[in-house]
Amino acid sequence: MGEFGQLGLFSPELLTRDHKVVGFACGRPALDTWLRDMALHNQLENYTRTFVVRNAAMEVKGYYALCAGVLFRKDAPKALARHGSPAELPVALLARLAVHNDVKGNGLGQALLAHALQSACLAARQVALRAIMVDALDEQAAELYRRHHFQETKIGPLKLVLPIADVLASTELTERDKG
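Letter 25 of the sequence shown, counting from 1, is numbered 204 in the numbering used here, and no numbers are missing.
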C-alpha cells in the first residue's frame with residue numbers, strides 16, 4: 180500500500196458504482212461535481228479512466244482521471260516538438276486530480292500524481308505518447324505541476340506538459356536505485 184496505506188487508505192483503483200463519491204469535498208466545486216456527476220459516466224463511455232483512493236468505508240478521499248489527447252505541434256514547447264514531428268502530438272491528458280479536504284497536507288496529492296505518471300508510462304509502453312498534459316484549474320494548481328517539471332505550452336500558462344521521455348527516464352533511474 181505504501182504512502183496510501185500510511186494514511187489508512189487503499190491504493191488507487193478504478194472507480195466503480197460501489198465507491199462513495201457523494202461526500203467528496205476538495206474545496207473546488209467543479210472537481211467535486213465532476214466526480215459525483217460525470218466520472219463514472221465518462222469511464223463507462225470510454226472518455227476517461229478515473230482512479231480513486233478510498234478508505235475502508237469505500238469513501239473516496241482522492242482521485243485522478245486520465246484520457247488520451249492531442250497537442251498541436253505549433254503549441255508545444257520546442258523540446259517536445261522537434262523538427263519533423265507530426266502536426267498533432269499524442270499525449271496522455273491528466274484530466275482531473277483532487278484530494279478530499281480531510282486528508283490534505285499528508286502527501287496524498289503527490290502520491291496520486293506519481294501514480295498518474297506511472298499509469299501514463301505503462302500506457303506509453305504500448306501506445307505512442309509524447310507527453311503528459313494537464314489543464315491546471317488556476318495558477319496555484321499550475322505552480323504545483325511546474326514544481327514537478329511540467330512546462331508551459333504556447334497556449335497559455337495553465338496548459339502544461341511533461342515529456343513522457345523525462346518520466347520514463349526518471350522511472351528507470353528510480354528502479355535502478357532500488358535494484
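C-beta: ideal position from N, C-alpha, C; glycine also. Keep in mind it's a predicted model, so treat the numbers as computed, not measured.
By the Cβ criterion, the segment 221-241 is not in contact with the segment 322-335, since fewer than three pairs of Cβ atoms, one from each stretch, lie closer than 8 Å. A straight line joining the alpha-carbon of Val-313 with that of Ala-236 spans about 30 Å.
Under the three-state reduction of DSSP, Tyr-324 is assigned to helix. For Cys-246, the enclosing beta strand (DSSP E) has its first and last residue at 239-251. For secondary structure counted as the alpha helix (DSSP H) over 4 or more consecutive residues, the segment 180-213 holds these complete runs in sequence order: 181-185. Taking 8 Å as the upper bound for CB-CB distance, His-327 and Leu-292 are in contact here, some 7 Å apart. Apart from the 5 residues on each side of it in sequence, Val-231 sits with its Cβ closer than 6 Å to the Cβ of Leu-194, His-198, Val-239 and Tyr-242 in its chain, given in chain order.
Distance check between Arg-252 and each of Ala-244, Cys-246 and Ser-264 places Ser-264 closest, using alpha-carbon atoms only. Per DSSP, the unbroken beta strand (DSSP E) holding Ala-310 starts and ends at 310-314.
Between the segment 183-192 and the segment 260-274 there are fewer than three inter-stretch CB-CB distances shorter than 8 Å, so the stretches are not counted as touching.
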